[in-house]
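Below: one structure, written as structure tokens.
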Amino acid sequence: AQKVTQAQTEISVVEKEDVTLDCVYETRDTTYYLFWYKQPPSGELVFLIRRNSFDEQNEISGRYSWNFQKSTSSFNFTITASQVVDSAVYFCALSGDSGSARQLTFGSGTQLTVLP
Amino acid sequence: GAGVSQSPSNKVTEKGKDVELRCDPISGHTALYWYRQSLGQGLEFLIYFQGNSAPDKSGLPSDRFSAERTGGSVSTLTIQRTQQEDSAVYLCASSLAQAWGREQFFGPGTRLTVL
């Protein structure tokens with residue numbers, strides 16, 4: 050069975066602060082994909098990034114960066130110089146490579162509030 | 005191109021009634037997924053369609069839930085004899101075929117309230 054844990058239920062920061070959202074996963078598959086999605090107050094899930102299990106390179110996209118470490122089964126997400134528009138619920142998700150593991154298994158989400 | 009669309013956006017029904025929720029995937033996406041998002045359970049997988057293959061129904065919570073996908077495009081999720089615990093946001097997603105692990109693109113969801 051696969052599992053995604055986002056231990057931080059809520060985080061509140063002041064604008065321009067950096068913030069890191071933690072994600073820890075469990076899977077028996079050797080090949081898998083990890084994702085981050087953003088769910089703003091409007092409700093629609095927005096895809097942010099996909100990373101496969103063989104690519105441990107960190108990635109940076111503008112103010113967003115992701116740190117994938119297989120040794121600790123973590124895929125953390127950092128927002129640099131946060132903005133009010135970053136306020137949303139962020140979900141980490143996992144997709145395995147065997148049968149029913151192929152659907153997305155989501156973490157419980159982290160509610161990020163960026164205060165002006 | 006248009007994204008994933010879902011209708012209705014909101015549905016209020018009485019306990020015991022049947023409801024149908026509709027999903028229009030992104031054109032060209034042959035993989036289609038249904039998820040449910042509720043306060044107590046988070047985001048849960050319900051069912052997955054891939055082309056003409058038999059759907060993966062492993063996430064359906066009971067036999068009151070069913071889904072079909074006609075012509076490889078539009079999908080309908082049906083909940084029979086609705087219960088109050090069925091109240092949730094039902095999300096549909098689609099992705100490109102044949103390549104598992106592809107990002108899934110989500111619709112805006114249907115908020116179902118069972119009174």
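Residue numbers (the numbering used here), protein chains in the order written: chain S, 50 to 165; chain U, 5 to 119.
C-beta: ideal position from N, C-alpha, C; glycine also.
With which residues is residue i paired in a DSSP beta bridge?
i	result
alanine 97(U)	Tyr37(U) and Phe110(U)
cysteine 72(S)	Beta-bridge pairing links cysteine 72(S) to no other residue.
leucine 1(U)	The requested residue 1(U) does not occur in the structure, where chain U is confined to residues 5 to 119.
glutamine 160(S)	Glu59(S) and Val138(S)
glutamine 54(U)	Ala35(U)
arginine 26(U)	Ser11(U) and Thr80(U)
valine 53(S)	Tyr74(S)
threonine 121(S)	DSSP, once it has assigned bridges, lists no residue as partnering threonine 121(S).
glutamate 48(U)	Arg40(U)
serine 114(S)	Ile109(S) and Thr127(S)
How about residue i and residue j: are their beta carbons less than 8 Å apart?
i	j	result
serine 61(S)	leucine 164(S)	yes
lysine 33(U)	serine 99(U)	Just to set this straight, residue 33(U) is histidine in the shown sequence, not lysine. Result yes, Cβ atoms of histidine 33(U) and serine 99(U) sit closer than 8 Å.
threonine 162(S)	serine 136(S)	yes
phenylalanine 126(S)	threonine 69(S)	yes
aspartate 104(S)	aspartate 146(S)	no
serine 42(U)	alanine 97(U)	no
phenylalanine 53(U)	leucine 25(U)	no
serine 114(S)	threonine 80(S)	no
glutamine 55(S)	aspartate 71(S)	yes
leucine 64(U)	isoleucine 51(U)	yes
valine 53(S)	tyrosine 74(S)	yes
Since residue i and residue j should fall inside the 8 Å C-beta cutoff, what is the C-beta to C-beta distance between them, to a whole number of angstroms?
i	j	result
threonine 114(U)	tyrosine 94(U)	5 Å
arginine 85(U)	aspartate 22(U)	7 Å
Every unbroken beta strand (DSSP E) within the segment 86-111 of chain S, with a cutoff of 3 residues, ordered by chain | 95-101 and 108-110
Are there three or more Cβ pairs, one per stretch, closer than 8 Å when the segment 38-48 of chain U is compared with the segment 153-161 of chain S?
-> yes
Taking only runs that begin and end inside the segment 57-83 of chain U, name each unbroken beta strand (DSSP E) of 3 or more residues, in chain order.
-> 69-73 and 79-83
The segment 80-91 of chain S contacting the segment 135-152 of chain S, beta-carbon criterion three pairs below 8 Å = Contact check between the segment 80-91 of chain S and the segment 135-152 of chain S: three or more CB pairs, one atom from each, fall below 8 Å, which counts as touching.
Do the segment 107-124 of chain S and the segment 14-23 of chain U touch if we need at least three Cβ pairs shorter than 8 Å?
-> The segment 107-124 of chain S, when compared against the segment 14-23 of chain U, does not touch it at the 8 Å Cβ threshold.
Does the segment 117-131 of chain S touch the segment 61-73 of chain U, meaning 3 or more C-beta pairs lie closer than 8 Å?
-> no
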